[in-house]
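Trainee:
There are 2 protein chains.
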Amino acid sequence: MDSFRVIEIKQSVFADNNKDADALRAELKQKGVFLLNLMSSPGAGKTTTLTKTIAALKDDLKIGIMEADIDSDVDARTIAGTGAKVIQLHTGGMCHLDADMTRQGIRNLGTEGLDLVILENVGNLVCPAEFDTGSVKNAMILSVPEGDDKPLKYPLMFTISDVLLINKIDAADYFDFDFDACAARVKKLNPAIEIIPISAKTGEGIDRFAEWIKRQVKQWNRQEENRG
Amino acid sequence: MDSFRVIEIKQSVFADNNKDADALRAELKQKGVFLLNLMSSPGAGKTTTLTKTIAALKDDLKIGIMEADIDSDVDARTIAGTGAKVIQLHTGGMCHLDADMTRQGIRNLGTEGLDLVILENVGNLVCPAEFDTGSVKNAMILSVPEGDDKPLKYPLMFTISDVLLINKIDAADYFDFDFDACAARVKKLNPAIEIIPISAKTGEGIDRFAEWIKRQVKQWNRQEENRG
Numbered sequence: 001m002d003s004f005r006v007i008e009i010k011q012s013v014f015a016d017n018n019k020d021a022d023a024l025r026a027e028l029k030q031k032g033v034f035l036l037n038l039m040s041s042p043g044a045g046k047t048t049t050l051t052k053t054i055a056a057l058k059d060d061l062k063i064g065i066m067e068a069d070i071d072s073d074v075d076a077r078t079i080a081g082t083g084a085k086v087i088q089l090h091t092g093g094m095c096h097l098d099a100d101m102t103r104q105g106i107r108n109l110g111t112e113g114l115d116l117v118i119l120e121n122v123g124n125l126v127c128p129a130e131f132d133t134g135s136v137k138n139a140m141i142l143s144v145p146e147g148d149d150k151p152l153k154y155p156l157m158f159t160i161s162d163v164l165l166i167n168k169i170d171a172a173d174y175f176d177f178d179f180d181a182c183a184a185r186v187k188k189l190n191p192a193i194e195i196i197p198i199s200a201k202t203g204e205g206i207d208r209f210a211e212w213i214k215r216q217v218k219q220w221n222r223q224e225e226n227r228g
Numbered sequence: 001m002d003s004f005r006v007i008e009i010k011q012s013v014f015a016d017n018n019k020d021a022d023a024l025r026a027e028l029k030q031k032g033v034f035l036l037n038l039m040s041s042p043g044a045g046k047t048t049t050l051t052k053t054i055a056a057l058k059d060d061l062k063i064g065i066m067e068a069d070i071d072s073d074v075d076a077r078t079i080a081g082t083g084a085k086v087i088q089l090h091t092g093g094m095c096h097l098d099a100d101m102t103r104q105g106i107r108n109l110g111t112e113g114l115d116l117v118i119l120e121n122v123g124n125l126v127c128p129a130e131f132d133t134g135s136v137k138n139a140m141i142l143s144v145p146e147g148d149d150k151p152l153k154y155p156l157m158f159t160i161s162d163v164l165l166i167n168k169i170d171a172a173d174y175f176d177f178d179f180d181a182c183a184a185r186v187k188k189l190n191p192a193i194e195i196i197p198i199s200a201k202t203g204e205g206i207d208r209f210a211e212w213i214k215r216q217v218k219q220w221n222r223q224e225e226n227r228g
């Protein structure tokens with residue numbers, strides 16, 4: 001028996017996604033739930049990174065995960081194994097999630113008692129970057145086998161992300177990947193971005209990502225109090 | 001000095017892309033130019049595969065290459081090094097090419113004296129599968145580091161492709177990739193698809209892909225004669 005549900009989400013009816021994303025952010029602020037949007041190409045290691053990150057955070061934060069895919073439930077099944085609250089979203093062929101689709105997911109997940117919800121967006125380095133999901137922060141993964149030239153070809157994703165995880169560093173000897181050149185290209189697009197090299201396979205760097213998340217959630221909660 | 005041009009293509013005005021794709025196919029048939037559409041995730045190895053494939057085909061076919069990217073000209077620069085005719089297309093942020101965008105590229109490339117034009121589509125496992133480019137055949141690459149579960153998550157791309165190259169097999173020892181499970185998932189979606197394991201890095205399997213292309217071009221030219 002599965003410990004998660006699969007939800008078919010509907011295409012949005014809102015014309016102004018940016019406005020709707022701001023509304024969702026305000027709704028989540030009221031509930032005290034921090035939303036993190038995780039994006040990457042297919043196969044860059046989002047789900048494996050999440051399983052390790054959940055383990056690193058589970059004593060500090062109550063976490064819910066939304067797995068968005070065009071089809072299948074393999075990712076939700078993997079996350080369910082960690083014991084975290086999880087839901088599988090099917091996008092009906094859509095290549096990204098917008099704010100209203102994210103809201104449908106959150107309503108089905110339920111936020112009661114949660115501190116942090118992580119949306120694993122559809123694997124796609126192009127379209128998800130164009131749609132604000134209502135998240136507080138955007139995280140992205142670039143994996144070593146994809147190559148260090150990706151910031152040149154897909155600049156928007158690197159521009160709108162707050163943190164870049166460079167994954168599969170355990171396989172760096174196998175591939176020509178120039179970390180310094182990649183970092184320089186990314187920083188040129190987005191000087192404020194934090195870059196964290198990780199291996200979701202070995203766990204290297206995951207602690208640093210977990211610390212980054214905790215820091216963001218803490219700062220955001222403090223903003224809450226100041227405004228309240 | 002570069003030996004290629006960079007063209008900014010415009011968004012299409014045609015409402016019915018399928019009809020327009022059929023029209024483009026007919027136009028190209030009249031010119032005797034076979035169009036192959038090559039798709040994959042970012043970083044799966046499209047450009048490296050093309051450089052090796054051009055080398056394997058250059059005595060048999062006159063080849064033109066269209067490199068489609070949101071930004072940069074790194075791929076056209078790489079292909080120009082092979083001596084093949086090449087043009088860089090910028091999609092203006094678009095995540096895929098449709099038939100009219102492809103036609104704009106072909107007009108700028110010029111087909112005089114060419115037997116085969118290969119379109120390297122935008123790196124994206126979702127959207128390009130939804131738009132017929134006017135190609136005679138669709139080729140796709142899945143790379144080993146992406147994982148064997150991708151046919152489950154991105155079924156349309158595997159369904160509409162005529163040939164699947166499984167690339168980076170030289171790195172197979174580094175990653176958990178079950179070839180038989182992957183092939184079974186793909187064949188369930190698309191029993192007629194041809195699956196060719198390759199390593200664009202070492203050149204393994206490229207001859208088989210080159211033979212596949214030659215066979216397709218030959219069959220298509222024969223169809224031409226029979227109808228003429």
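From first to last, the protein sequence lines are chains W and R.
Under this note's numbering, the first residue of the first sequence is numbered 1, with each subsequent residue one higher.
Under this note's numbering, the first residue of the second sequence is numbered 1, with each subsequent residue one higher.
Yeah, the Cβ is synthetic: ideal placement off N, Cα and C, and Gly gets one too.
Using a cut-off of 9 Å between C-beta atoms, extract the partners of lysine 150(W) located in chain R.
Mentor: Residue numbering aside, residue 150(W) sits at position 150 when the first sequence is read from its first letter. Result: Pro42, Gly43, Gly123.
Trainee: Relative to the C-alpha of aspartate 60(R), which residue among Gly134(R), Arg185(R), Lys214(R) is closest?
Mentor: Counted from its first residue, the second sequence places residue 60(R) at position 60. Residue Lys214(R) is the option with its Cα nearest to aspartate 60(R).
Trainee: Which residues, in order along the region 68–79 of chain W, keep a beta-carbon less than 7 Å from a beta-carbon of chain R?
Mentor: Correct list: Asp69, Ile70, Asp71, Ser72, Val74.
Trainee: Could you say if the region 177–186 of chain R and the region 30–45 of chain R meet the contact criterion of at least three C-beta pairs nearer than 8 Å?
Mentor: No, because fewer than three Cβ pairs between the region 177–186 of chain R and the region 30–45 of chain R fall closer than 8 Å, the two stretches do not touch.
Trainee: Tell me whether the region 89–105 of chain W and the region 61–69 of chain W touch, counting them as touching only if at least three CB pairs, one residue from each stretch, are closer than 8 Å.
Mentor: A contact exists between the region 89–105 of chain W and the region 61–69 of chain W.
Trainee: Where does valine 186(R) sit, in a helix, a strand or coil, going by DSSP?
Mentor: If you number the second sequence from 1, residue 186(R) lands on position 186. In the structure shown, valine 186(R) sits in a helix (DSSP, three-state: H, G or I).
Trainee: Under 8 Å Cβ to Cβ from aspartate 170(R), same chain only, skipping five residues before and after it: list those, please.
Mentor: The residue you call residue 170(R) lines up with position 170 of the second sequence. Only Ser199, Lys201, Thr202, Glu204 meet the Cβ criterion.
Trainee: Check the C-beta distance from asparagine 138(R) over to isoleucine 106(R) and give it rounded, since I have them as a contact under 8 Å.
Mentor: By one-based count along the second sequence, residue 138(R) stands at place 138. By one-based count along the second sequence, residue 106(R) stands at place 106. Not a contact, Cβ separation roughly 16 Å.
Trainee: Chain W partners of serine 143(R), CB-CB under 8 Å?
Mentor: As a position in the second sequence, residue 143(R) is number 143, starting the count at 1. Those within 8 Å of serine 143(R) in chain W are Gly43, Pro145.
Trainee: Residues of the region 187–214 of chain R in Cβ contact with chain W at a cutoff of 7 Å, in chain order, please.
Mentor: The residues in question: there are none.
Trainee: Does the region 100–118 of chain R come close enough to the region 150–169 of chain R that 3 or more CB-CB pairs lie under 8 Å?
Mentor: Verdict: no, contact absent.
Trainee: Measuring only the C-alpha atoms, how far is valine 163(R) from methionine 140(R)?
Mentor: Residue 163(R) sits at position 163 when you count from the first residue of the second sequence. Residue 140(R) sits at position 140 when you count from the first residue of the second sequence. In a straight line, the C-alpha of valine 163(R) is about 6 Å away from that of methionine 140(R).
Trainee: Can you name the residues of chain W whose CB is closer than 9 Å to the CB of valine 6(R)?
Mentor: As a working mapping, residue 6(R) is identified with position 6 in the second sequence. The premise fails here: valine 6(R) is roughly 13 Å from chain W at the closest Cβ pair, so nothing lies under 9 Å.
Trainee: Using only the alpha-carbon positions, how far apart do alanine 21(W) and valine 217(W) sit?
Mentor: Numbered from its first residue, the first sequence carries residue 21(W) at position 21. Numbered from its first residue, the first sequence carries residue 217(W) at position 217. Rounded to whole angstroms, alanine 21(W) to valine 217(W) spans 18 Å at the Cα level.
Trainee: Is it right to say serine 3(R) is buried, meaning 16 or more other beta carbons lie within 10 angstroms of its own, or is it exposed?
Mentor: Here residue 3(R) refers to the residue found at position 3 of the second sequence. Flag for serine 3(R) reads exposed.
Trainee: Short of 7 Å in beta carbon distance, which residues of its chain neighbour threonine 78(R), apart from the five on each side in sequence? Order them along the chain.
Mentor: The sequence position of residue 78(R) within the second sequence is 78, counting from 1. The answer, listed in chain order, is Thr47, Thr51.
Trainee: Of all the beta strand (DSSP E) runs that stay within the bounds of the region 91–155 of chain W, which reach a length of 3 or more residues?
Mentor: Segments of the beta strand (DSSP E) lying fully in the region 91–155 of chain W: 116–120, 137–143.
Trainee: Determine the direct distance from the alpha carbon of asparagine 221(W) to that of lysine 62(W), and round the result to whole angstroms.
Mentor: For the purposes of this step, residue 62(W) is taken as residue 62 along the first sequence, with counting starting at 1. For the purposes of this step, residue 221(W) is taken as residue 221 along the first sequence, with counting starting at 1. Those two C-alpha atoms are separated by around 14 Å.
Trainee: Which of the three DSSP states is assigned to glutamine 216(W) in this structure?
Mentor: As a position in the first sequence, residue 216(W) is number 216, starting the count at 1. The answer is helix: DSSP assigns glutamine 216(W) an H, G or I state.
Trainee: Can you give me the start and stop residues for the alpha helix (DSSP H) that glutamate 27(R) sits inside?
Mentor: Taking the second sequence and counting its residues from 1, the one referred to as residue 27(R) is at position 27. Segment 17–31, the alpha helix (DSSP H) holding glutamate 27(R).
Trainee: What would DSSP say about phenylalanine 4(R), mapped onto helix, strand or coil?
Mentor: Looking up residue 4(R) in the second sequence gives position 4. In this structure, phenylalanine 4(R) counts as coil in the three-state DSSP scheme.
Trainee: Helix, strand or coil for glutamate 67(W) per DSSP?
Mentor: The count along the first sequence starts at 1 and reaches residue 67(W) at position 67. The answer is strand: DSSP assigns glutamate 67(W) an E or B state.
Trainee: Quick one: grab the DSSP three-state call for alanine 211(R).
Mentor: Taking the first residue of the second sequence as position 1, residue 211(R) is located at position 211. Here the sequence assigns glutamate to residue 211(R), which means alanine is not the residue at that position. The answer is helix: DSSP assigns glutamate 211(R) an H, G or I state.
Trainee: Under 8 Å between beta-carbons, which chain W residues line up against cysteine 95(R)? List them in chain order, please.
Mentor: As a first step, residue 95(R) is located in the second sequence; it is residue number 95 there, counting from the start. Within 8 Å Cβ-Cβ: Cys95, Asn124, Val126, Cys127.
Trainee: Quick one: residues in its chain with C-beta nearer than 7 Å to the C-beta of arginine 208(W), no 5 flanking neighbours on either side, listed in chain order?
Mentor: Within the first sequence, the letter at position 208 stands for residue 208(W). Ile196, listed in sequence order.
Trainee: Whose C-beta lies closer than 8 Å to the C-beta of glutamate 194(R) among residues of the same chain, with five residues either side of it excluded?
Mentor: In the second sequence, residue 194(R) corresponds to position 194, counting from 1. Hits under 8 Å: Asp162, Val163, Leu164, Trp212.
Trainee: Give me, in chain order, the residues of the same chain whose beta-carbon lies closer than 6 Å to that of leucine 142(W); leave out the 5 immediate sequence neighbours on both sides.
Mentor: Here residue 142(W) is taken as the residue at index 142 of the first sequence, counted from 1. So the list reads Lys150, Ile166, once near-sequence residues are dropped.
Trainee: Measuring only between beta-carbons, confirm whether alanine 181(W) sits less than 8 Å from chain R.
Mentor: Mapped onto the first sequence, residue 181(W) falls at position 181. Closer than 8 Å: no.
Trainee: For leucine 36(W), tell me which candidate among Val186(W), Val136(W), Lys188(W) has the shortest Cα-Cα distance.
Mentor: Within the first sequence, numbered from 1, the residue matching residue 36(W) stands at position 36. Closest by alpha carbon: Val136(W).
Trainee: Which residues, in chain order, does the region 46–64 of chain R contribute to contact with chain W at a C-beta distance below 7 Å?
Mentor: Result list empty, no residue passes.
Trainee: In three-state terms, what does DSSP make of lysine 46(W)?
Mentor: One-based indexing of the first sequence puts residue 46(W) at position 46. Correct three-state label for lysine 46(W): helix.
Trainee: I'd like the list of long-range same chain contacts for threonine 111(W), defined as Cβ closer than 6 Å, with 5 residues on each side in sequence excluded.
Mentor: The residue labelled residue 111(W) in the question sits at position 111 within the first sequence. Correct list, in chain order: Lys31, Val33.
Trainee: Going by alpha carbons, who is nearest to valine 86(W) out of Val6(W), Phe175(W), Ala192(W)?
Mentor: Taking the first residue of the first sequence as position 1, residue 86(W) is located at position 86. When each option's Cα is compared against that of valine 86(W), the closest is Val6(W).
Trainee: List, in order along the chain, the chain W residues whose C-beta lies closer than 8 Å to that of alanine 171(R)?
Mentor: Your numbering for residue 171(R) matches position 171 in the second sequence. Within 8 Å Cβ-Cβ: Pro145, Ala171, Tyr174, Phe175.
Trainee: What does lysine 168(W) reach in chain R if we use C-beta pairs closer than 7 Å?
Mentor: The count along the first sequence starts at 1 and reaches residue 168(W) at position 168. Those are Pro145, listed as they occur along chain R.
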